[in-house]
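Chains as they are written, first to last, in the working numbering: chain D, 743 to 1096; chain R, 36 to 390. Beta carbons: idealized from backbone N, C-alpha and C, even for Gly. Okay, so here's the structure we're looking at.
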Amino acid sequence: MKDPPELQLVALRVYDASAYVTKLERNMAASARTLVLRALSDSTRNIHHVSRCRIKHLCCRAGITGCRGYSDSTEGKSTHFGFQTVPEEEKAEKVYKVFENVAKKYDVMNDAMSLGIHRLWKDTLLHTMNPQPGLRLLDTAGGTGDISFRFLEYTRSMYDRQQRLRAKSHQTPSWQDIADHYVSDKAGPPQSRAVVCDINKEMLKVGKQRAEKAGITTGLSWVVGDAEELPFDDDQFDIYTIAFGIRNVTHIEQALQEALRVLKPGGRFMCLEFSKVTNPLLTRLYDAYSFQMIPVLGEVIAGDWKSYQYLVESIRKFPDQETFKEMIEDAGFFCVQYFNLTGGIVAIHSGFKL
Amino acid sequence: MIFGIKEKSIILTNFDVLFAIATNIHVRLKTGFVLQVAVQGTVSLQCSNVRRGFHRAALLRLASDSKSDTSVPPPSYHEVHTAGESSSSSAQGESSEDAQPNTSFQDQSGEHGEDYETEEQLQARILTAALEFVPQHGWTVEAIAAAAETLGLSSASTGMFNNGAGDLVLHFVAQCNAQLAETLAEQNNQVQLGQAEAKKTAEFLKDAVETRLRMLIPYIDTWPQAMSILLLPHNIPDSLKHLSTMVDDIWYYAGDRSTDVNWYTRRAALTGIYNTTELVMVQDSSPDFEETWAFLDNRIKDVVNMANTAKQVQATGEAVVQGLMGAAITVTTQKMIQFPERNILSTKRLLGLLF
């Protein structure tokens, strides 16, 4: 029978690594520990009340925003920011700041944290998508443009392959065929276009630099926009992807509604996101790695502990595969299915607008 | 029949049924019912599961008007009343128009004459349309993509088919088998009614296999590709299932009701005939595939001969055994007559052993 405040306190002790709080925590730790022990051992209501008040008092002294949510229930709606609870208006701002800080080192950190496996995840996303040449992609929360680059690459090679197959079956063209070929080729290959949309200008800046370095000039656009309120008309895109971005959105249902709106009929919604690990042994390894290694890597490589702490916590707060699948179905998508990658660490959800 | 719901397995409660019926009423507006039913007001949906389940089970598509003219019995008065009574919450489900209370459906615009169809029905429609593009693109995802575009969907919807080209080929095979079963059933009907004569087994088999193989003629150029797709390991269970049901159908309509080992031998024989004839057909270049039908004829004759020969061999074998028995008895009785004092007991024992 766990009492929420104690649990919250324990959570705060273990997971909140903010410098200001750590100092206070060291002071709190001793008293809190005794409190917790007393509360657990003594099950009378009085002690519980006392412990609750004490903890509230301590929390208020420490100025942790989490307890604000607990004590004032009549404030505006609140949501989670990692393991903290924040008012909804603040979450978007905080997320913006997180990504502003990490933008420059985002790709390096991705490689370091996932040991390069994130490339395989993104490749799998593209293979599952199997886009035909000439489609329009909207890469929401696309940031540095990983998915869009892969999309353009994939469609280009797919088009080349189709041309080769067509040529193979036309080994001995007649003069008429050759003449037709010259005439029809004015149109050129169907251009697949990708639009990278992100709420954060810093991430888009980094992405543009990468595009220039890779030499991709056509078929790519960079747009600043909020996933909950996309700056596009209805029925514009064939494929909508959001890779490792939807857990940062404040109102996931709204983002799903927007996705439905901007997709053409027959369009596909794809979401690549961290999810619940299915294997219990792997869960423990994964948790240990997440909470011990990743913030440390963040501090060492990018000089930012808190952002990567937020990252790991936000993964835990995201709904699991089945729940998210139901959310997508509620938004109005059909044929919703998900594929687990790497034992459930990452899942690809896919739905269609029919 | 409630359109589009029968496919998906949803455990329905009373409320779910009412909701489904009410929405069905809403759909049947082509029939001109002036139903004062509050569509949105059928139920206060407590569980979003129902809505979600219904979502999954039906979706709004522009279908041909003839579809909605199918004869569906009008909902009973009782159901209409109960639906009308229950109140108010705005359960829109997935109807595209805004739910309006107590509307008479007669004066709604043409778009409301739409029908619901399930995801499977839509997939079947796309695959059927994709068959047109097979001569051009082969049995590939490109054919499905081209078909989706003709239906007004983005070609990203090919992602619905996890098996890609395999789905297309299996759909085609299932379609052909269904057509064959229909033809055979009709012929059987005619024979039952006395309008046609019953064919002999060999002729019946020949005609059935020929009918089925003729369905491949439009796609014969790309059929080797389809055959290779059917032989991929993850497709083998499905393709074997289709093949075995087809062979079973043919033998059933040929009149086979055997319950012994003949059941297996006959089907195995026909499977062999079908597969080999198919292989001959894809490399046949004679006019109207005459050589294929000649090959088929010969194979069936072989099988019939084999069956006859087997019967003869069995009869001969039995006769030989009986002859040997007779010879043995004659010899022993001869011995008994010639040497009566010797071994009467032993010959008796020998006879006892023989029988």
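On the three-state DSSP scale, how would you describe R/E42? Per-residue confidence for R/E42 stands at a pLDDT of 42, beneath the threshold of 50, marking its modelled position as unreliable; the derived number appears in the next sentence. Correct three-state label for R/E42: coil.
Which residues, in chain order, does the stretch 997 to 1010 of chain D contribute to contact with chain R at a C-beta distance below 9 Å? Listed by position, the residues of the stretch 997 to 1010 of chain D near chain R (Cβ gap below 9 Å) are L1005, K1006, P1007, G1008, G1009 and R1010.
Put R/G387 into one of helix, strand or coil per three-state DSSP. helix
Taking the beta strand (DSSP E) that D/I1090 falls in, what are its first and last residues? V1088 to F1094
I want to see whether chain R comes within less than 8 Å of D/D980, judged by CB atoms only; does it? Answer yes: the Cβ-Cβ gap between D/D980 and chain R drops below 8 Å somewhere.
What are the residues that DSSP puts in a beta bridge with D/E1015? The partner list for D/E1015 (beta bridge, DSSP) reads D/A1089.
Is R/Q373 helix, strand or coil when you go by DSSP? When secondary structure is reduced to three states using DSSP, R/Q373 falls in the helix class.
Is R/R292 helix, strand or coil by DSSP? Collapsing the DSSP output to three states places R/R292 in coil.
Please name the residue, chosen from D/L998, D/N990, D/S1017 and D/D976, that lies closest to D/K1006 on a Cα-to-Cα basis. The shortest C-alpha separation from D/K1006 is found at D/D976.
When the Cβ atoms of the stretch 852 to 859 of chain D are set against those of the stretch 936 to 948 of chain D, are three or more pairs found closer than 8 Å? Note that the stretch 852 to 859 of chain D does not touch the stretch 936 to 948 of chain D; fewer than 3 beta-carbon pairs, one per stretch, sit closer than 8 Å.
Using the beta-carbon of each residue, which ones in chain D are nearer than 8 Å to R/L331? The contacting residues do not exist; R/L331 stays about 30 Å from chain D at best.
Identify whether D/S963 lies in helix, strand or coil by the three-state DSSP scheme. In the structure shown, D/S963 adopts extended strand secondary structure according to DSSP, grouped into three states.
If you draw a straight line from the alpha carbon of R/I252 to that of D/S1092, how long is it in whole angstroms? If you take the alpha carbons of R/I252 and D/S1092, they lie about 38 Å apart.
Of the residues D/H912, D/H869 and D/V1088, which one's Cα is nearest the Cα of D/V1019? D/V1088
If the criterion is Cβ atoms closer than 8 Å, does the pair R/Y299 and R/V282 meet it? No, the Cβ-Cβ distance between R/Y299 and R/V282 is not below 8 Å.
What residues of chain B sit near R/L157, judged by a beta carbon separation below 8 Å? Annotation note: the requested chain B is absent from the structure, which comprises protein chains D and R.
Does the beta-carbon of D/I1036 have 16 or more other beta-carbons within 10 angstroms, so that it is buried, or is it exposed? D/I1036 is buried by the Cβ-count criterion.
Please go through the same chain and pick out, in chain order, the residues whose beta-carbon is closer than 8 Å to the beta-carbon of D/L894, but skip the five residues on each side of it. Closer than 8 Å at the Cβ level, and outside the excluded window around D/L894, lie S934, A936, I958, G961 and L962.
Quick one: what does DSSP say D/Q826 is sitting in, helix, strand or coil? strand
So for R/N198, helix, strand or coil by DSSP? coil
I'd like to know if D/N1082 contacts chain R, where contact means its C-beta is closer than 8 Å to some C-beta of that chain. Using a CB distance cut-off of 8 Å, D/N1082 does not count as an interface residue toward chain R.
Measure the C-alpha to C-alpha separation of D/S1017 and R/L186 and round it to an integer number of angstroms. Distance between the alpha carbons of D/S1017 and R/L186 is about 35 Å.
CA-CA distance, D/Y1080 and D/D865? 16 Å
Using a Cβ-Cβ distance cut-off of 8 Å, determine whether R/L188 contacts chain D. Yes, because at least one Cβ of chain D sits closer than 8 Å to the Cβ of R/L188.
Residues that D/C1077 contacts on chain R, provided the C-beta gap is smaller than 8 Å: Correct list: E154 and M195.
In chain order, what residues of the same chain lie with their CB nearer than 7 Å to the CB of D/V844, ignoring the 5 residues before and after it? Excluding sequence neighbours, D/V844 sits near M851, A1044, D1046 and S1049.
Within the 8 Å Cβ cut-off, does R/S192 reach chain D? yes
Taking the DSSP output, what are the residues bridged to D/V937? D/L880 and D/S963
If we define contact as Cβ-Cβ less than 8 Å, is D/L1053 a contact residue for chain R? no
Rounded C-alpha distance that separates R/N297 from R/A261: 32 Å
What is the DSSP secondary structure of R/N212, reduced to helix, strand or coil? Of the three classes helix, strand and coil, the one that applies to R/N212 here is helix, per DSSP.
Below 8 Å on C-beta distance, what does R/E177 contact in chain D? Those are Q874 and Q904, listed as they occur along chain D.
With DSSP as the reference, label D/S1056 as helix, strand or coil. helix
Residue span of the beta strand (DSSP E) that contains D/I1070, given as start and end: That residue, D/I1070, is in no beta strand (DSSP E); its alpha helix (DSSP H) goes Q1063 to A1073.
Could you say which of R/L240, R/D291 and R/Q171 lies nearest to R/G307 if we only look at CA atoms? R/L240
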